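Peer 1: Let me give you the structure first, and then I'll get to my questions.
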Amino acid sequence: MIRNRKGFEFSFAWIFAMLVGAAILFLAIYAAMQFVDTGRHVLDTTTAQELSILLEPMETGVAEGSVDIATLRDVTRINNDCYEGRFGRHEISISTKQGVGGDWQRPGESISVRNKYVFSNSTIETGDERKVFLFSKPLDLPWKVSPLIFATTENYCFRDPPRMVENDIQGLNIQNLKIYEGGNCSIDDIHVCFEGGSDCDMTVHMRDEENNVGIVNKNGERVTYVGNLIYGAIFADNETYECNVNRLMFRLIQQANLYASESNFLKGRGKCDPISANRIRTLTTIVSGVESSEGLPNIISQVNSLNEQNRAAECRLWYRG
Amino acid sequence: MNKIGRQNVDCGIEVKMKRKGQFKIQQMAFMLVGLMIFFILVGLFWIILQRQSLYDEAIMLREREAIQIAQFMADSSEFNCQGNPGYCINTDKIMALDNVTSYDGYWPVDYVRLAQMHPADEEIRCTRANYPDCTVYDVYENEDVTSTSSMSSYVALCRYERVEGYATQICELGKIIIGYDMARMGN
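In structure tokens, the structure reads:
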């Protein structure tokens, strides 16, 4: 038998080692990828929870409005899904990009928020600055129904806004909202026109300036607003807006029942003589008939009437409005 | 050496080489098994660490949420006082809320309780029958959540009373106590 001593011996041990080594390497890389993916999923879920907690201080308290900027860890996509049904809820989830220019990862677990009304597009993406601009304003119909929270990531340019909107924007000093003053807005901004004009992304028509009632036209569709819902109509997509309007109307009905119950309680005990429960319940009847934002103007006259009666009563049940 | 003798020597070398090869394979297999066990143990350790840090973070987030809710719940129209917004709760409304069941599951907490600071030694549950001569108001209870911890914040507890023929707002110092489940994430 002739043996070639210079030749390379490719024994079974080598083949075995290479195969098993490759398997271990593959498993290790797969496990590492899974760990990274799970870690990212956990981080996205935590960020969603943190974001939902960040919404708590947006309850306006004694102030007429509040502003906050959330700076996130990564370039982030926030999914805000609104669900109707009784008080309804938001399902907020976060997805981030993997690496520079990578694809969006599957979103983390969604966080359910029932007691907030967040107006934004159903999906918003932060730019490279990783900022989400949040501000809130109360909805008074006639009492404070709830703070409305507006979440945006894009820059908005308001052209010829009414004094109320101008005061809000300047007063709250919201960084991504500008009032058009010739040249200070970019073509990439979302242009919101109040008195018409060209190159508008949306137009706002005020139908009743005294009661702040109007219509917002965008993407060929229109929604109706009252009071501070004007910002919801501007910043949220139509589905989210209508969903939140329905949720708010449900809460308004529950609050009206509560005020009616309080009125009966105070009167029954002879503590004071507030606005009558039956008058408050007329609002409940009207609000029950509101099926979309189009019906909002119908409740304004009743809201004004309730405000007058509450003011004239021996003891007031609410002070807002 | 004759032909048969040489064959025997060759066989002996082959047997030796085979034994050596088998030993090497066994050695490598043991090493690989050991390596796998090592990686599995490292993985398990990592998972335990991650789980603990996630649990700690969840608790911290729940605490933060409860603090925020305690601070801002007092301002919602369901609880707030007339003309005294902020850290003021209208107990007349709480008594009225007693009949309203529609808020079940609305606030993401286990319970909301109000406690009057004085008299401190007595704990009398408030009902419509004994109001306002009582000290503890069970405002809200969420059957979906089991409480494992609580947070409290000082608030004013106000109500209307008729004093010398005039409707007057009477306020007392109290605490709002929020019970929450530490391990629960989200609502």
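Chains A and F, in that order, give the protein sequences. Take the first sequence: its position 271, counted from the start at 1, is 271 in my numbering, and no numbers get skipped. Add 1000 to a position in the second sequence, counting from 1, and you land on the number used in my numbering. We treat Cβ as the ideally placed atom computed from N, Cα and C, and that holds for glycine. Here the structure is a predicted model, which is why all the values come from computation and not from measurement.
#1: Suppose you measure from the CA of residue 1094 (chain F) to the CA of residue 141 (chain A); what does that come to, to the nearest Å?
#2: Which residue's Cα is closest to the Cα of residue 200 (chain A): A:218, A:152, A:208 and A:183?
#3: Taking the CB atoms as reference points, tell me whether residue 1136 (chain F) and residue 1088 (chain F) lie closer together than 8 Å.
#4: Bridge partners of residue 147 (chain A), per DSSP?
#5: Give me, in chain order, the residues of the same chain whose beta-carbon lies closer than 6 Å to that of residue 223 (chain A); leave out the 5 immediate sequence neighbours on both sides.
#6: In its own chain, which residues sit with a C-beta less than 6 Å from the C-beta of residue 121 (chain A), not counting the 5 before and 5 after it?
#7: Here's the rule I'm using: 16 or more other beta-carbon atoms within 10 Å means buried, otherwise exposed. How should residue 106 (chain A) be labelled?
#8: Return the residues of the region 237–267 of chain A that lie within a Cβ-Cβ distance of less than 7 Å from chain F, sorted by chain order.
#9: What is the rounded straight-line gap between the Cα of residue 1104 (chain F) and the Cα of residue 257 (chain A)?
#10: Between which residues of its own chain and residue 1081 (chain F) is the CB-CB distance below 6 Å, once the five residues before and five after are set aside?
#11: Looking only at its chain, what residues have a beta carbon closer than 8 Å to the beta carbon of residue 300 (chain A), apart from the 5 residues adjacent to it on each side?
#12: Counting along the chain, where does the alpha helix (DSSP H) carrying residue 303 (chain A) start and finish?
#13: Output yes if chain A places a C-beta closer than 8 Å to the C-beta of residue 1114 (chain F); else output no.
#14: Could you tell me the boundaries of the alpha helix (DSSP H) in which residue 317 (chain A) lies?
#15: Let me check understanding here. Comparing Cα to Cα, which of F:1132, F:1180 and F:1138 lies closest to residue 1171 (chain F)?
#16: Among A:312, A:254 and A:11, whose alpha-carbon lies nearest the alpha-carbon of residue 86 (chain A)?
#17: Any C-beta of chain A within less than 7 Å: which residues of the region 1124–1144 of chain F qualify?
#18: With DSSP as the reference, label residue 217 (chain A) as helix, strand or coil.
#19: Going along the chain, which residues of its own chain have a beta-carbon closer than 6 Å to the beta-carbon of residue 289 (chain A), five neighbours each way excluded?
#20: Take every Cβ of the region 1035–1053 of chain F, pair it with every Cβ of the region 1116–1126 of chain F, and state whether three or more of those distances are shorter than 8 Å.
#21: Near residue 335 (chain A), which residues of its chain fall below 7 Å by C-beta distance, leaving aside the five closest residues on each side in sequence?
Peer 2: According to the structure data:
#1: Approximately 21 Å, taken between the alpha carbons.
#2: Among A:218, A:152, A:208 and A:183, the Cα nearest to that of residue 200 (chain A) belongs to A:218.
#3: Cβ distance not < 8 Å, so residue 1136 (chain F) and residue 1088 (chain F) don't count as in contact.
#4: Residue 147 (chain A) is bridged by DSSP to A:138.
#5: 216, 233, 238, 241 and 293, listed in sequence order.
#6: Cβ within range, chain order: 237.
#7: Exposed, by the Cβ-count rule.
#8: Near chain F, meaning a CB-to-CB distance below 7 Å, the residues of the region 237–267 of chain A are 254, 255, 257, 258, 261, 262, 265 and 266.
#9: About 15 Å.
#10: The beta carbon of residue 1081 (chain F) lies closer than 6 Å to those of 1088, 1090 and 1158 in the same chain, with the five residues before and after it left out.
#11: Excluding sequence neighbours, residue 300 (chain A) sits near 208, 211, 213 and 226.
#12: Membership of residue 303 (chain A) in the alpha helix (DSSP H) is indicated by the continuous run 297–312.
#13: Not one chain A Cβ lies under 8 Å of residue 1114 (chain F).
#14: Secondary structure note for residue 317 (chain A): it is in no alpha helix (DSSP H), with a DSSP letter that is neither H nor E.
#15: Just measuring C-alpha positions, the residue of F:1132, F:1180 and F:1138 sitting nearest residue 1171 (chain F) is F:1132.
#16: Looking from the CA of residue 86 (chain A), the closest CA among A:312, A:254 and A:11 belongs to A:254.
#17: Residues passing the 7 Å Cβ filter: none.
#18: In the structure shown, residue 217 (chain A) sits in a strand (DSSP, three-state: E or B).
#19: Within the same chain, residue 289 (chain A) has no close Cβ partners at all.
#20: As far as the Cβ criterion goes, the region 1035–1053 of chain F does not touch the region 1116–1126 of chain F, which means the pair count is below three.
#21: Because residue 335 (chain A) is not part of the residues shown, which for chain A are 1 to 321, the question remains open.
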